[in-house]
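One structure below.
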Amino acid sequence: MSSQTVTETSAQSKAGQATSQSITLSGEDLLYPQGFTFFHNRVGHFEGQEEPIKKIRYPKFRNFEHERAFRKLHHAAALRWLGSQGYGNEGAGGHMTVRDPELLDHFWINPFGKSLNHMTPDDLVLVNDKGVVVGGNMHSVNPAGFYIHSAVHQARPDVHAVVHMHTIAGKAFSAFGKEIEMYNQDCCQFFEQQTVFPAFDGFVLAADEGVAIAKALGPTNKAIILQNHGLLVVGRSPDGAAFTFGALERCIEAQFKTEALAQVAGFEPMRISPEMARGVQKYYVDEFQYMTFQPAFEDVIRASNGLLPMQTGDEICPAWNAS
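FYI, the numbering for the sequence shown is -13 to 309, going by the numbering used here.
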């Protein structure tokens, strides 16, 4: 079975009910994913600006196959970026999942034991809601990755991507069992969008703990700090989830430095007020997070020396000019 289609998988896992039929919408009726309202388009667009100007935006797709190819490309690129940041240095301890656009109870995940730095779309594994590998690269996956991520995907239909890694700063901070402080502007994206899972019961090898983590994450949070474990974030796109994960790790690193300097200097660091933090947080909508990751996406694509394309070729209103 090709990793570019899940027609066979649809028949097997959905009793023939799911299909790979093309979406029949065309022109302006082709909709962007629900929730992508492009509020960020006002950024850099000043009064008096004549149209057209180039804007980064999540593309449209004519059918599920095209959107699947796009998600897998950006999934692989996000994994490469996470690896380039040193986030995948704990063996097979990190995983990222992306919901399939057609089979909504299935998700794509990186294979067990494969370097994040060399991930390609063909390496990704399709898993159903029972943990059975049904498509893509027919390779084993991390059981903990399935138990945690499947519970989150099931509990949060708005979430299309989940990232969990065992990063240095994230692991260190998780030992405190607390949320990050609003010490700087970048931290504000997590204001009232973060929580803590205050328990550690060893490796996640059963569905119950995954369900407990998903419950603790709640219906709206974008990040959860797993006590004595690491970090987990969610997003509506692979790009947005990768950006959010990196932002959380860097905010934690900055907090360590801020508090260390404060201890040496003998004064309390200034915190951003709840009112101001809430005002900044509202700008970190899903499309803004997607847009903000695009420089990193471009870096990954160009560093692949032609192995990964800038576009799949099937996007409508693509985010990038391929030149």
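In this text, a Cβ means the ideal position worked out from N, Cα and C, and glycines have one as well.
Residue range of the unbroken alpha helix (DSSP H) whose run includes residue i
| i | result |
| --- | --- |
| F132 | P129 to A141 |
| L203 | A193 to L203 |
| G122 | No alpha helix (DSSP H) holds G122; the beta strand (DSSP E) holding it covers V119 to G122. |
| M262 | P260 to Q267 |
Supposed contact pair residue j and residue i - C-beta distance, whole angstroms, cut 8 Å
| i | j | result |
| --- | --- | --- |
| A185 | Q140 | No, A185 and Q140 are not in contact; Cβ-Cβ is about 20 Å, not under 8 Å. |
| I258 | C174 | 6 Å |
| G196 | I134 | 5 Å |
| I199 | V182 | Actually they are not in contact, since the Cβ atoms of I199 and V182 sit about 11 Å apart, beyond 8 Å. |
Span of the beta strand (DSSP E), counted from its first residue to its last, around residue i
| i | result |
| --- | --- |
| L218 | G216 to G221 |
| Q180 | Q180 to F183 |
| A158 | That residue, A158, is in no beta strand (DSSP E); its alpha helix (DSSP H) goes I154 to S160. |
| A248 | From DSSP, A248 is part of no beta strand (DSSP E) but of the alpha helix (DSSP H) over P224 to A251. |
| L112 | V111 to V113 |
| I95 | F93 to I95 |
| L212 | A209 to L212 |
Backbone secondary structure at residue i - three-state DSSP
| i | result |
| --- | --- |
| Q297 | coil |
| I302 | strand |
| A289 | helix |
| L65 | helix |
| F189 | coil |
| R85 | strand |
| F24 | Confidence at F24 is low in this model, with a pLDDT of 44, below 50, so its placement is unreliable and no value can be given for it. |
| H46 | This sequence places Lys at residue 46; His is not what is there. K46: strand per DSSP, three-state reduction. |
| F177 | coil |
| H52 | helix |
| M256 | coil |
| H150 | strand |
| H312 | Residue 312 lies beyond the stretch modelled for the chain, which goes from -13 to 309, so this question has no answer here. |
Which listed residue (the options) has its alpha carbon closest to that of residue i
| i | options | result |
| --- | --- | --- |
| T230 | A240, L217 and Q241 | L217 |
| H60 | G226, K46, R257 and E88 | G226 |
| M105 | G69, D194, F177 and F47 | G69 |
| N75 | H146, A147, D194 and L102 | L102 |
Check: residue i C-beta below 7 Å from any heavy atom of the ligand FMN
| i | result |
| --- | --- |
| G226 | Absent from the structure shown: the ligand FMN. Ligands present: none. |
Below-8 Å beta-carbon distance, residue i vs any chain B residue
| i | result |
| --- | --- |
| D285 | Although the question refers to chain B, the structure presented lacks it and comprises just one protein chain. |
- prompt: Can at least three beta-carbon pairs, one atom from the stretch 278 to 293 and one from the stretch 173 to 188, be found at a separation below 8 Å?
  reply: no
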